[in-house]
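Heads up: the structure comes next, in structure tokens.
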Amino acid sequence: MTESKKIGQQLAQKAPYAVVFTAVVFIVLFMSSEVVWLNQIFASASGIISIVFLLLYWHGKGGMYFILGLLAPMLAVMFSELPDFLALAWVINGFFNGAALALMAYLYLGKDAQR
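The numbering of the sequence shown is the working numbering, which starts it at 2 and goes up by one.
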């Protein structure tokens, strides 16, 4: 396994912890503010897209994927309705939740492919 593929694998191994952490943050946010569901869908999708692009980069598919992977969170913030600071916290947490879920899928699909 190449060094860059190991990066993705190491991140994926920590993804279940990130999902639990973001779930706890979601609970705290839910108790303190209102949810804008469209923001959450867009933020989670942005996290998934970001990880997919970064994994493509780490697997040697080209540097453009790295740039696209880094642009995804900016798009999530730009196109979200952010009436207050807590709405931004929802979007950031949604992004990381989507990214962690994508890494978990990568981890488990990779294990199935090895069998």
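Glycine included, every Cβ here is placed at the ideal spot set by N, Cα and C.
Neighbour-count burial assignment, residue i, 16 or more Cβ in a 10 Å radius
i, result
"Leu55", "buried"
"Leu104", "buried"
"Pro74", "buried"
Close beta carbons around residue i, own chain, < 7 Å, minus the five adjacent residues each side
i, result
"Ile8", "Trp59"
"Phe19", "Correcting the residue identity first, residue 19 is Ala in this sequence and not Phe. Cβ neighbours of Ala19 beyond the five flanking positions: Phe97, Ala101."
"Ala16", "Ala101, Leu104, Met105, Leu108"
Residue i - containing alpha helix (DSSP H), residue span
i, result
"Val37", "No alpha helix (DSSP H) contains Val37, which DSSP labels as neither H nor E."
"Pro84", "Unbroken run through Pro84: none, as it is neither H nor E."
C-beta contact flag for residue i and residue j at 7 Å
i, j, result
"Ala77", "Ala44", "yes"
"Ala13", "Leu108", "yes"
"Ile49", "Gly95", "no"
"Ser34", "Leu87", "yes"
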